[in-house]
Amino acid sequence: QCAPQDNPITDPMQALQNHIHLNPATNDAHLFTWKHPIHSIRPLSKAKVTRTIAKVAKSHPGLPNLKGHSLRIRGMLFYLLNGVPFDVVKTMGRWSGDSFTIYPRHHTLVLAPFLQSKPELLNALKGYILPPVW
C-alpha cells in the first residue's frame, strides 16, 4: 500500500530501509521494533508513537500537536488527494461505517486547491462529501 516517492524524506521504502539499518533485529522480531537505550530491542507501540510525535511538536513552535485520530484523518486526506478511491481508504483506515466521510467536509481549505486541479477527483468525491439530497 505504499509506493516509492521522489523525495527521500517522504519515501516510505527508504524510511523502512533506514529503520532496519538503525534498529537491527532478528528475523522473528516485530517489523517496527526500536532500540531502547536500556532494554535493547522493543516492539513499537501506538503509545510510543504518539508520545514521540507530541514531544517533537512541543519542541518545534508552529507544529500542530497531532493526536492519533488527527493522524488518521490526515492520512485519509493524503490518500484521497492522491486519487485513492474512498472505499479503499475506508478499508485502509478500518472504518466500519461512513462516519469518516464527515472529515473531508471539515477540510475544504486543504482540499480545495487539489480538487481544482483534478476535476475527475472532485467528481468522484462529490458523492461522498456532499450531504444526501432527499
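Going by UniProt numbering, the first residue of the sequence shown is number 1, and it counts up by one from there.
For glycine and all other residues, C-beta sits at the position ideal for the given N, C-alpha and C.
All values derive from a computational prediction rather than experimental measurement.
{"Item": "Three-state secondary structure assigned by DSSP to Ile53", "Value": "helix"}
{"Item": "Helix, strand or coil at His39 according to DSSP, with G and I counted as helix", "Value": "coil"}
{"Item": "Straight-line Cα distance separating Ser40 from Gln116", "Value": "50 Å"}
{"Item": "Range covered by the alpha helix (DSSP H) that runs through Asp87", "Value": "Phe86 to Met92"}
{"Item": "Inter-residue spacing [alpha-carbon to alpha-carbon] between Leu122 and Ala15", "Value": "31 Å"}
{"Item": "Pro61 - containing alpha helix (DSSP H), residue span", "Value": "Careful: Pro61 lies outside any alpha helix (DSSP H) and carries neither H nor E."}
{"Item": "Pick from Pro24, Ile53 and Phe86 that is closest to His69, judged by C-alpha positions", "Value": "Ile53"}
{"Item": "Length of the line joining the Cα atoms of Ser59 and Tyr79", "Value": "28 Å"}
{"Item": "DSSP beta-bridge partners of Thr33", "Value": "Pro43"}
{"Item": "Nearest-angstrom Cβ-Cβ length linking Trp34 and Asn23, presumed shorter than 8 Å", "Value": "5 Å"}
{"Item": "Touching by the beta-carbon criterion (3+ pairs, under 8 Å), the segment 71-78 and the segment 86-99", "Value": "yes"}
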